[in-house]
Amino acid sequence: MNHLITLTMAIYLGGAFLISLLWRENETVAGAAAISFVALSAITSVLLGIEVFTNGSILYFAGGWERPLGIALMLDPLSALFLIMTNVIALLVTIYSAVYMKKYTWTPYFYVLFLIMLAGMNGILISMDIFNIYVFLEVASVASFMLVAFGLRAEELEAAIKYTVMSFIATTMILFAIALIYGFTGTLNIARFMDASAGLTPVHLWFLAGLLLAGFALKAALVPFHSWLPDAHSMAPAPVSAVLSGMFVKVAGLYVIIRVTANIFTNLPQIRILLLLFGALSMVFGGLMAYGQKNIKRLYAYSTISQIGYCAVGLGIGGYLGSLGVLMHFVAHAFSKALLFLNIGAVEYVRGTVESDDLKGLNDTMPVTTLFGSTGMLGIAGVPPMGNFWSKLIIIIAAVKAGYTGIAVLCIVVAVITLGYFLKLQRTVYCNLTESPVKKEAPKTLLVPMGILAFMVFVSGVLLVPGIREHTLDKAVAVMENFSYVDITIGDNR
Amino acid sequence: MILYILIALMFFIGLYGMIAKKNIIKIIIGMNIVGYASNLLFVLLGYKWDGIAPILTEDMSFAYFLEKAVDPLPQALVLTSIVIDLAFVAFLAALAIRLFEKYGTFDIDKIRRLKG
C-alpha cells in the first residue's frame with residue numbers, strides 16, 4: 001500500500017512520456033490515453049485517501065533510504081484531501097478537454113503538458129521536504145506557463161510572459177529562503193526544520209517566513225501579488241483555466257502556505273496577521289474588480305482572487321473553526337470554480353465569444369449549460385444549500401469568536417458583492433431574451449463533467465455533517481492544529 | 001563575508017535588469033543573473049576553504065574527512081535548480097520570438113493588450 005504513494009505522480013509522468021513518444025500524431029488515441037492515465041491516478045489517490053483517513057498517515061522513504069538521510073514522502077489527511085480533489089477534478093477536466101481541445105492544433109502536446117502539470121501538483125502534495133516541494137512546484141509551473149500560451153494568439157503570449165516573469169520572482173524568493181534554511185539549520189525536511197528552528201532568532205525566522213510567504217503568496221495570487229492571475233486565467237484554454245483556478249492556485253499556493261504557517265513556522269504565530277491582511281485585501285480587491293469586468297473569464301479570474309482571500313483570512317484567524325473554514329472553502333470553491341470555467345468554455349465552444357456584451361439569452365438557447373452555470377455562480381456566491389455558504393459562515397463565526405469583528409463584517413460585505421456581480425451576469429447574459437431563440441446546446445461530452453461538478457457543488461456541504469466530518473475534515477484540521485506529523489516523520493530516531 | 005556581499009550585489013544587478021529594463025531580452029538576461037546569484041549562494045553555503053571532494057577513501061581518517069570535505073548536498077540541489085532556470089530561460093526565449101512575430105517589438109510597454 002505504501003508504494004502507491006509515488007504512483008499517483010509516476011502515472012502522470014509515465015503517461016506524459018508515453019503520449020509524447022507513441023501517440024503524438026494521433027489526437028484521439030492521445031486523448032483516450034490521457035483520460036485513462038488520469039482515471040488510473042484518480043483511483044489510486046482515492047484508495048490512498050481512504051487508507052489515510054481510516055488508518056492514519058503514510059510515510060514512505062524514496063529508494064528505501066531510511067531516516068534521517070532519505071527523502072521522505074508523506075501523505076497525511078491534509079495532503080490526502082488535496083490529492084483526492086486534484087485528481088478527481090483533473091479526471092473530469094480531461095474528459096471535457098477531449099472534445100473541447102479539438103479546435104486547437106497539436107492537442108497531443110496539450111495532454112503531455114497537462115499530465116506534467118498534474119504530476120507536479122501531485123508531487124507537491126506528497127513531498128515532506130521543502131526542496132522537493134520547490135522542484136515539483138517548478139515542474140507544475142513551467143508546464144502551466146506553456147499551457148497558458150497554448151493557443152499562441154498575441155494575448156495568450158502576453159499573458160504567458162507576465163505569468164512567467166512574475167513566477168520567476170516567486171521562484172527566486174523561495175530558492176533563497178531554501179538556501180538560507182539549509183544554511184541556518186542544515187536540514188530541508190519540514191519536520192526536522194521545525195525542531196531546528198527553535199535555535200533561530202526571531203529576525204532569522206521573520207526573514208525566512210517573509211521570503212517563503214511572499215513567494216507562495218505570489219503563486220496563490222494574494223493581493224498585492226495577484227497581477228498575473230487575471231491575464232493568465234482568462235487567456236488559457238477553458239480546461240486549463242479550470243485546473244489553474246480550481247486546483248493549481250490552491251495546491252501551489254494555499255496548501256504550501258498552510259504548511260508554512262501551520263506546520264513550519266509554529267514558533268512564529270505572528271505571521272498569521274500578515275495572512276489576515278493579504279486575505280482581506282484580496283477579498284475586497286478581487287470582488288470590486290470582478291464587478292466591472294466585461295470578459296466573463298476575466299470576471300471569474302478576479303472572483304478567484306476574492307475567494308482565495310477568504311481562505312487566507314480563515315488561515316489568518318486560525319484555531320479549529322478558522323482551519324475548518326479554510327478547508328471547507330477550499331473544497332467548495334475548487335468544485336464551483338472548475339465548474340464555472342468549464343461552463344464558460346462550453347459557451348465559448350458553441351457561441352465563439354466570452355464577452356458579456358455579445359452574449360444574450362443563454363437561458364433560451366443553452367438551457368442545460370445555463371442550469372450548471374447558475375449552480376456554480378450560486379455556489380460561489382454562497383447561497384445556503386451549497387458548501388460555500390457553510391464555509392463562509394464558519395469563517396465569519398471564527399472571525400467573530402477570535403475578536404476580528406471588522407474582518408467578519410468585511411467577509412459579509414464581500415459575500416454580498418460576490419452575489420451582486422453574479423446576479424448582474426445572470427441578468428445580462430442568461431436572462432436577456434432574444435427575439436428568436438435557436439436552441440444549440442453544447443455537446444454531451446462537455447455537459448457530463450459539468451453535471452458531475454454541479455452535483456458536487458450541491459453536496460459538498462455534506463463534508464460538514466457530523467459523522468462524516470469527524471472522518472474527513474476534522475482529521476485534516478488536526479494536522480493544521482497540532483503538529484502530529486513531526487512524530488511520524490522523525491519518529492524514534494529523533 | 002565579502003563573497004556574500006558580492007552575491008547580494010549580483011542579485012540586485014539582476015533584479016535591476018528585471019524591473020527597470022523594457023526590452024524582453026534584457027529582462028531574460030536579468031533573470032539569468034538573479035538565478036546565478038541564488039545558485040552561487042547555495043553553493044557557497046556548502047563550501048569549505050581548501051576543501052576536498054566528498055569522497056571517503058580507505059587511506060583517509062574519518063575525522064579528517066569530516067573536517068575537510070565540502071558539503072555535497074547544496075551542489076546536488078544547485079544542479080536541479082540550474083535545470084529549472086534553464087527551462088525558464090528556454091521557454092522565455094521561445095516566447096520572446098513568438099511575441100516579436102505578433103507585436104513586432106521587444107518593448108514590454110508596447111505589449112499591452114490585456115488590461116482591466
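First to last, the protein sequences are chains L and P.
Position 31 of the first sequence, counted from 1, bears residue number 31 in the numbering used here, the numbering being contiguous throughout.
Position 5 of the second sequence, counted from 1, bears residue number 5 in the numbering used here, the numbering being contiguous throughout.
Each residue gets a CB set at the ideal place from its N, CA and C atoms; glycine is no exception.
Exposed or buried, residue 360 (chain L), counting other C-beta atoms within 10 Å across all chains shown (16 or more means buried)?
-> Mapped onto the first sequence, residue 360 (chain L) falls at position 360. It counts as buried.
Tell me which same chain residues have a C-beta within less than 8 Å of the C-beta of residue 389 (chain L), skipping the five on either side of it?
-> The count along the first sequence starts at 1 and reaches residue 389 (chain L) at position 389. Shown here for residue 389 (chain L): same chain residues with a beta carbon closer than 8 Å to its own, the five before and five after excluded, namely 382, 383, 461 in chain order.
Give the single residue among L:438, L:148, L:65, L:103 whose Cα lies nearest to the Cα of residue 114 (chain L).
-> Mapped onto the first sequence, residue 114 (chain L) falls at position 114. Relative to the Cα of residue 114 (chain L), the nearest Cα in the group L:438, L:148, L:65, L:103 belongs to L:148.
For residue 231 (chain L), return the contacting residues in chain P, with the cut-off set at a CB-CB distance below 8 Å.
-> As a first step, residue 231 (chain L) is located in the first sequence; it is residue number 231 there, counting from the start. Listed along the chain, the chain P residues whose CB falls inside 8 Å of the CB of residue 231 (chain L) are 114.
With a cut-off of 8 Å on the beta carbons, I'd call residue 443 (chain L) and residue 364 (chain L) a contact; round off their distance for me.
-> Along the first sequence, read from residue 1 onward, the residue named residue 443 (chain L) stands at position 443. Along the first sequence, read from residue 1 onward, the residue named residue 364 (chain L) stands at position 364. Contact flag wrong, Cβ pair sits at about 19 Å.
The region 76 to 97 of chain P: positions lying closer than 8 Å to chain L by Cβ = Going along the region 76 to 97 of chain P in chain order, one finds 77, 80, 81, 84, 87, 88, 91, 92, 95, 96 with a Cβ nearer than 8 Å to chain L.
To the nearest angstrom, how far is it from the Cα of residue 64 (chain P) to the Cα of residue 57 (chain P)?
-> Stepping through the second sequence from its first residue, residue 64 (chain P) is reached at position 64. Stepping through the second sequence from its first residue, residue 57 (chain P) is reached at position 57. Near 11 Å, if we compare the C-alpha coordinates of residue 57 (chain P) and residue 64 (chain P).
Cβ shell of residue 474 (chain L) (< 7 Å), same chain only, five flanking positions each side left out = Reading the first sequence from its first residue, position 474 is the one you call residue 474 (chain L). Exclusion of the five residues before and after residue 474 (chain L) leaves no residue of its chain whose Cβ lies closer than 7 Å to its Cβ.
DSSP state of residue 495 (chain L), grouped into three classes?
-> One cannot answer for residue 495 (chain L) here, as it falls past the ends of chain L, which runs 1 to 494.
Residue range of the alpha helix (DSSP H) that residue 29 (chain P) falls in?
-> Your numbering for residue 29 (chain P) matches position 29 in the second sequence. Residues 24 to 45.
Tell me, please, whether the CB atom of residue 101 (chain L) is closer than 8 Å to any CB atom in chain P?
-> Numbered from 1 along the first sequence, position 101 holds the residue referred to as residue 101 (chain L). No, its Cβ sits nowhere closer than 8 Å to a Cβ of chain P.
Could you list which residues in chain L have their beta carbon closer than 8 Å to that of residue 26 (chain P), in chain order?
-> By one-based count along the second sequence, residue 26 (chain P) stands at place 26. Under the 8 Å cutoff, chain L gives no residues; its nearest Cβ is about 12 Å from residue 26 (chain P).
Chain L beta carbons: is any one of them nearer than 8 Å to that of residue 31 (chain P)?
-> To locate residue 31 (chain P), count along the second sequence from 1; it is residue 31. With its beta carbon less than 8 Å from one in chain L, residue 31 (chain P) belongs to the interface.
Name the DSSP bridge partner or partners of residue 58 (chain L)?
-> Position 58 of the first sequence, counted from the start, is the residue given in the question as residue 58 (chain L). Looking at the DSSP output, residue 58 (chain L) bridges to L:75.
Going by beta carbon distance, what residues of the same chain come within less than 6 Å of residue 71 (chain L), once the five residues before and after it are set aside?
-> Position 71 of the first sequence, counted from the first residue, corresponds to residue 71 (chain L). 62, 129.
Could you tell me which residues DSSP pairs with residue 127 (chain L) in its beta bridges?
-> Looking up residue 127 (chain L) in the first sequence gives position 127. In the DSSP assignment, residue 127 (chain L) forms a beta bridge with L:73.
Give the single residue among L:336, L:457, L:298 whose Cα lies nearest to the Cα of residue 114 (chain P).
-> Stepping through the second sequence from its first residue, residue 114 (chain P) is reached at position 114. Out of L:336, L:457, L:298, L:298 has the C-alpha closest to the C-alpha of residue 114 (chain P).
Are the C-beta of residue 493 (chain L) and some C-beta of chain P separated by less than 8 Å?
-> Looking up residue 493 (chain L) in the first sequence gives position 493. Confidence in residue 493 (chain L) is poor, its pLDDT being 42 and thus under 50, which makes the residue's placement unreliable; the coordinate value appears in the next sentence. For residue 493 (chain L), no Cβ of chain P is located within less than 8 Å of the residue's own Cβ.
Helix, strand or coil: which one does DSSP assign to residue 189 (chain L)?
-> Reading the first sequence from its first residue, position 189 is the one you call residue 189 (chain L). The three-state secondary structure of residue 189 (chain L), taken from DSSP, is strand.
Using DSSP with H/G/I as helix, E/B as strand and the rest coil, what is residue 474 (chain L)?
-> In the first sequence, counting from the first residue as 1, residue 474 (chain L) sits at position 474. If DSSP states are grouped into helix, strand and coil, residue 474 (chain L) belongs with the helices.
Per-residue burial, residue 36 (chain L) [other beta carbons within 10 Å of its own, 16 or more giving buried] | To locate residue 36 (chain L), count along the first sequence from 1; it is residue 36. Residue 36 (chain L) should be labelled exposed.
Enumerate in chain order the residues of its own chain whose CB-to-CB distance from residue 200 (chain L) is below 7 Å, with the five nearest sequence positions on each side excluded.
-> Residue numbering aside, residue 200 (chain L) sits at position 200 when the first sequence is read from its first letter. Excluding positions up to five away in sequence, the list reads 184.
In chain order, what residues of the same chain lie with their CB nearer than 6 Å to the CB of residue 333 (chain L), ignoring the 5 residues before and after it?
-> In the first sequence, counting from the first residue as 1, residue 333 (chain L) sits at position 333. Counting only Cβ-Cβ distances below 6 Å, and skipping sequence neighbours, we find 307.
Using the beta-carbon count (16 or more within 10 Å), is residue 471 (chain L) buried or exposed?
-> As a first step, residue 471 (chain L) is located in the first sequence; it is residue number 471 there, counting from the start. Exposed: under 16 other Cβ atoms inside 10 Å.
Outcome for residue 86 (chain L) when other beta-carbon atoms lying within 10 angstroms are tallied against a minimum of 16 | One-based indexing of the first sequence puts residue 86 (chain L) at position 86. With at least 16 other beta carbons inside 10 angstroms of its own, residue 86 (chain L) counts as buried.
If you draw a straight line from the C-alpha of residue 345 (chain L) to the C-alpha of residue 280 (chain L), how long is it?
-> Here residue 345 (chain L) refers to the residue found at position 345 when the first sequence is read from its first residue. Here residue 280 (chain L) refers to the residue found at position 280 when the first sequence is read from its first residue. In this structure, the CA atom of residue 345 (chain L) is about 30 Å from the CA atom of residue 280 (chain L).
Applying a beta-carbon distance threshold of less than 7 Å, which residues of chain P neighbour residue 107 (chain L)?
-> What you label residue 107 (chain L) is simply residue 107 of the first sequence in a count that begins at 1. The premise fails here: residue 107 (chain L) is roughly 19 Å from chain P at the closest Cβ pair, so nothing lies under 7 Å.
Taking residue 45 (chain L) as the reference, give the member of L:22, L:20, L:77, L:65 with the closest Cα.
-> Translated into positions along the first sequence, residue 45 (chain L) becomes position 45. The shortest Cα separation from residue 45 (chain L) among L:22, L:20, L:77, L:65 belongs to L:77.
Would you list, in chain order, the members of the region 162 to 195 of chain L that have their beta-carbon closer than 7 Å to a beta-carbon of chain P?
-> Taking a C-beta cut-off of 7 Å against chain P, the contacting residues of the region 162 to 195 of chain L are 164, 165, 168, 172, 175, 176, 179, 182, 183, listed in chain order.
Along the chain, where does the alpha helix (DSSP H) that runs through residue 20 (chain P) open and close?
-> Walking along the second sequence from the start, residue 20 (chain P) turns up at place 20. In the DSSP annotation of this structure, the continuous segment of the alpha helix (DSSP H) that includes residue 20 (chain P) starts and ends at 2 to 20.
DSSP on residue 308 (chain L), reduced to helix/strand/coil?
-> What you label residue 308 (chain L) is simply residue 308 of the first sequence in a count that begins at 1. DSSP, read as helix, strand or coil, puts residue 308 (chain L) in helix.
Do you know how far the Cα of residue 377 (chain L) is from the Cα of residue 433 (chain L)?
-> Taking the first sequence and counting its residues from 1, one reaches residue 433 (chain L) at position 433. Taking the first sequence and counting its residues from 1, one reaches residue 377 (chain L) at position 377. Rounded to the nearest angstrom, the two C-alpha atoms are 20 Å apart.
Would you report the Cα separation of residue 247 (chain L) and residue 448 (chain L), rounded to the nearest angstrom?
-> Position 247 of the first sequence, counted from the first residue, corresponds to residue 247 (chain L). Position 448 of the first sequence, counted from the first residue, corresponds to residue 448 (chain L). Distance between the alpha carbons of residue 247 (chain L) and residue 448 (chain L) is about 20 Å.
Hey, would you say residue 143 (chain L) sits closer than 8 Å to residue 123 (chain L), going by beta carbons?
-> Residue mapping note: residue 143 (chain L) aligns to position 143 of the first sequence, counting from 1. Residue mapping note: residue 123 (chain L) aligns to position 123 of the first sequence, counting from 1. Not a contact, by the Cβ cut-off of 8 Å.
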